[in-house]
Structures are given as structure tokens and as C-alpha cells.
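The structure appears right after this line, and notes come after that.
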Amino acid sequence: MSKDVKSRVKKSTGKRMKKDPSAPKRGLSAYMFFAQENRESVKTENPHATFGQIGKILGERWKNMSLKDRQPYENRAKKDKQRFEMEKSQWRNGHITDTAQDDEE
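Position in the sequence shown (from 1) plus 2 gives the number in our numbering.
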């Protein structure tokens, strides 16, 4: 890269914007519901397994599940996504209203 191009390219500061603590939590995936439900049983079956090994075991079990067996987790994920979308829209409406009121003062 020439110096002209380098000078025009903005460097990333590496800093992320802080998340609003009042923002709603994202919906969980079907796999995360499965993992939450099955993590303890995998731990008891494999007491000396590391966190990463437990994750691999859970991942293998998830991959080997039939679509029929996954369906309850998919349904829970769908409901959780709907909950998140509803809370997000309510939060944004309230957040926008709060910001507008602050501007008026």
C-alpha cells in the first residue's frame, strides 16, 4: 500500500461500543437450549472432562439427533426469538421516547 492510501484508511481503535445494560437479552438458539438441558448429564457421565471436551460431546450429540428429536428445542428457540423481538421493539420505543424527552429538557 502506498503512503497516500495508508493515510486515508482509518485505523480501527479496537474498542467496542458498550452494550446498554437495559437492552433485552438475545434469544437462545435451539442448540443452546439443548446444551443447557444436557450439560449436567454429560458432566456426570464424564466427570474428568474439561469444559471444551464437554462442549465437543454436546456438539456430537446435537449433530447425531434426528430432526424429530430436535423439534422441541427448535420450538423453544422460535418462542425465545419472538420474545426477544417483542422486547427489543418495546425497548427501542421506550428508549427513543426517553431520548426525545431528554432532548426537550
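Don't be surprised by glycine CBs; every beta carbon is placed ideally from N, CA and C. Note that the coordinates shown come from a computational prediction; the quantities given were computed from them, not determined experimentally.
In the displayed model, residue 97 falls within a helix according to three-state DSSP. Put simply, of 31, 32, 18 and 58 the residue whose alpha carbon is nearest the alpha carbon of residue 44 is 58. Here the region 17-34 makes contact with the region 73-81; the two share three or more CB pairs at distances below 8 Å. Considering only 41, 84 and 49, the residue with the shortest C-alpha distance to residue 62 is 41.
Between residue 19 and residue 68, the alpha-carbon positions lie close to 40 Å from each other. The beta carbon of residue 86 sits closer than 8 Å to the beta carbons of 26, 27, 28 and 29 from its chain, once the five residues preceding and following it are set aside; these are given in chain order. A distance of 8 Å or more separates the beta carbons of residue 38 and residue 48.
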